[in-house]
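What follows is a short report on a single structure.
Numbering (my numbering), first residue to last: 119 to 757.
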């Protein structure tokens with residue numbers, strides 16, 4: 119058979135096993151056919167796709183985002199592979215590969231490549247480097263993939279794809295895998311051995327930390343009075359949420375959630391403080407700054423989680439980690455236990471029970487949670503009126519009033535989010551990635567259903583949100599899925615909504631329109647920079663260096679209606695409530711154009727984020743921001 123035919127036959131026989139359950143690993147393939155794959159992989163899929171379903175993407179980055187979301191929503195036990203043509207089709211997937219790798223999500227990519235024979239060089243879309251003719255566009259995948267290979271001969275497929283499966287099914291190594299497929303080799307034939315196509319079951323195991331590491335971690339916990347746990351994505355992928363909650367109940371330990379860890383545990387747990395860090399809430403950060411021990415479980419400990427290593431202010435604070443990855447476990451000079459979150463917690467729990475440990479918290483946890491509830495009560499009622507004050511003070515004078523006049527909206531972002539949470543199903547899935555919404559959602563969103571919060575914040579990639587909604591819907595078609603997306607991100611990439619329509623998979627797009635890149639406008643203006651290229655404004659004077667005209671207004675509902683979506687526009691809570699109610703009755707994809715006033719998103723709580731600020735400037739406001747940064751840096755760990 120041809121190399122491409124062998125590839126499809128092999129993929130159709132891959133399975134994973136987790137806790138005794140056997141699951142078909144490769145569900146299908148996303149494609150955008152071009153000359154680099156249509157006659158190779160395309161022919162193989164047309165002739166005999168086996169049990170693989172073929173999906174027609176609209177943008178290579180978008181379809182790869184959808185595939186990543188599908189794997190994420192399935193807790194990494196199922197994937198959809200992606201195939202593109204050479205050149206721009208391949209290059210478009212590089213961003214998606216980076217996103218998958220950063221978030222440790224399995225993503226299998228088959229970009230077409232130039233001819234292995236080089237006979238027609240330069241073939242259409244070939245990148246020619248005169249110093250090295252082996253370089254193609256696909257070499258750009260090397261720094262963003264966990265495994266990379268090029269199948270330059272048909273027999274190379276066997277070792278390449280077996281190694282691809284090794285990485286994709288490994289919880290420690292999971293990320294993007296790129297197998298470059300020269301277009302002539304795809305059509306070449308080889309007598310592949312039968313055993314290559316045997317059913318392969320890749321066992322996902324639960325490695326338990328060794329006894330010495332359990333002892334080290336237990337000893338440090340036993341010495342602490344006020345420990346705090348960070349619930350990371352590893353808790354979610356290990357299905358360890360209930361184990362973590364029982365652990366916290368047993369030893370009276372509160373926990374905060376990362377973006378990846380949120381919805382592994384119920385928000386209603388008395389020990390769940392909610393989001394922690396730069397986009398965390400008041401309750402979690404109150405406890406975090408006084409904790410004498412931070413126990414990180416399954417987290418990468420990014421700068422947003424650690425407040426650029428300044429979040430934990432107790433001078434005697436110690437760190438322990440439980441992580442399947444040695445690399446992540448070593449961060450912050452932690453005492454580490456290498457292993458699965460669930461089995462690791464069980465081993466540590468047993469050891470702590472033997473010594474009768476219990477933390478020294480009294481009413482601090484309940485007080486912290488009640489303080490945040492006061493904020494939530496305010497957000498729910500926050501609206502535009504005579505006594506209105508923006509939540510974010512740094513802003514362009516007059517923008518709020520101008521937006522109100524142009525759109526007739528009196529709706530605030532926080533109140534809109536509170537209403538959405540109240541109106542949609544408790545087990546509905548929300549997706550997000552970028553802008554001000556991830557901060558609001560990590561702070562404000564509550565989850566009672568497992569895996570209902572689907573946030574990509576490792577790469578914070580604009581354009582992931584709607585593609586992710588499709589991927590999540592393909593993974594769980596019985597659930598309602600809502601893409602929480604800002605206007606800037608929507609404009610960047612929303613093409614896969616057409617694929618959702620084509621597949622008859624209803625997704626709901628909640629588009630928060632504030633006429634710009636709101637969170638970046640907040641960042642620049644709060645650090646002394648002017649209002650530069652972050653609000654969507656006209657350029658009224660060609661000689662002007664910036665956009666100094668009026669705000670642009672866009673009717674996103676009208677545009678989406680042209681795609682065939684059921685659309686609504688909401689400028690008040692009443693209109694938003696009516697739209698959400700009616701959207702539940704629809705069978706096609708939905709877009710609600712929510713006009714939200716600028717500067718009505720949440721701001722930080724007891725946290726700091728280290729960003730690059732100019733140390734030399736003619737503006738006092740910039741120099742003041744630099745001075746503040748230097749002062750905060752003194753209170754942060756250096757590594």
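Cβ coordinates follow ideal geometry from the N, Cα and C atoms, glycine included. Since the model is a prediction, treat every value here as computed from it, not as a measurement.
Once you ignore the five residues that flank residue i on each side, which residues in its own chain have a CB closer than 6 Å to its CB?
i           : result
residue 732 : 740
residue 452 : 437, 438, 439
residue 517 : 716
residue 342 : 410, 411
residue 758 : Beyond the ends of the chain as shown, which are 119 and 757, falls residue 758; an answer cannot be given.
residue 123 : 162
Tell me whether residue i sits in a helix, a strand or coil according to DSSP, three-state version.
i           : result
residue 670 : coil
residue 689 : coil
residue 180 : helix
residue 713 : strand
residue 728 : coil
residue 320 : strand
residue 150 : strand
residue 479 : coil
residue 312 : helix
residue 299 : strand
residue 759 : Not covered by the structure: residue 759. The range shown for the chain is 119 to 757.
residue 251 : coil
residue 682 : coil
residue 740 : helix
residue 199 : strand
residue 437 : strand
residue 259 : helix
residue 624 : coil
Kindly list the residues whose CB is nearer than 8 Å to the CB of residue i, restricted to its own chain and excluding five residues on each side of it in sequence; keep chain order.
i           : result
residue 421 : 396, 427, 727, 728
residue 281 : 265, 267
For residue i, count the other beta carbons within 10 Å of its own beta carbon; 16 or more makes it buried, fewer makes it exposed. Which is it?
i           : result
residue 656 : exposed
residue 277 : exposed
residue 197 : buried
residue 620 : exposed
residue 242 : exposed
residue 626 : buried
residue 551 : buried
residue 404 : buried
residue 327 : buried
residue 252 : exposed
residue 231 : buried
residue 756 : exposed
residue 566 : exposed
residue 239 : exposed
residue 760 : Nothing can be reported for residue 760, as the shown portion of the chain is limited to 119 through 757.
Can the beta-carbon of residue i be found closer than 8 Å to that of residue j?
i           : j           : result
residue 155 : residue 301 : yes
residue 319 : residue 614 : no
residue 373 : residue 355 : no
residue 586 : residue 712 : no
residue 335 : residue 382 : no
residue 463 : residue 323 : no
residue 541 : residue 559 : no
residue 125 : residue 185 : no
residue 477 : residue 371 : yes
residue 425 : residue 561 : no
residue 308 : residue 273 : yes
residue 350 : residue 401 : no
residue 683 : residue 709 : yes
residue 419 : residue 449 : yes
residue 159 : residue 283 : no
residue 195 : residue 136 : yes
residue 595 : residue 578 : no
residue 531 : residue 718 : yes
Please list, in chain order, all residues of the same chain as residue i whose beta carbon is under 7 Å from its beta carbon, the five residues on each side excluded.
i           : result
residue 654 : 633, 634, 669, 670
residue 539 : 563, 564
residue 610 : 580, 581
residue 262 : 212, 215, 216, 219, 294
residue 473 : 340
residue 640 : 510, 512
I'd like to confirm something about residue i: is its beta-carbon nearer than 7 Å to some heavy atom of the ligand FAD, or not?
i           : result
residue 511 : Looking at this structure, you won't find the ligand FAD or any other ligand, since it has none at all.
Of all the CB atoms in chain B, is at least one closer than 8 Å to the CB of residue i?
i           : result
residue 563 : Chain labels in this structure do not include chain B; a single protein chain is all it has.
For a minimum of 3 consecutive residues, which ranges assigned as the beta strand (DSSP E) are wholly contained in the region 525-608?
Counting whole runs of 3 or more residues, the region 525-608 contains the beta strand (DSSP E) stretches 547-550, 571-573, 599-604.
Write down every uninterrupted run of the alpha helix (DSSP H) in the region 465-511 whose length is 4 residues or greater and which is fully enclosed by it, in chain order.
Listed in chain order, they are 482-499.
At 3 residues or longer, and completely inside the region 325-395: list those beta strand (DSSP E) runs for me, N to C.
345-349, 373-375, 390-393
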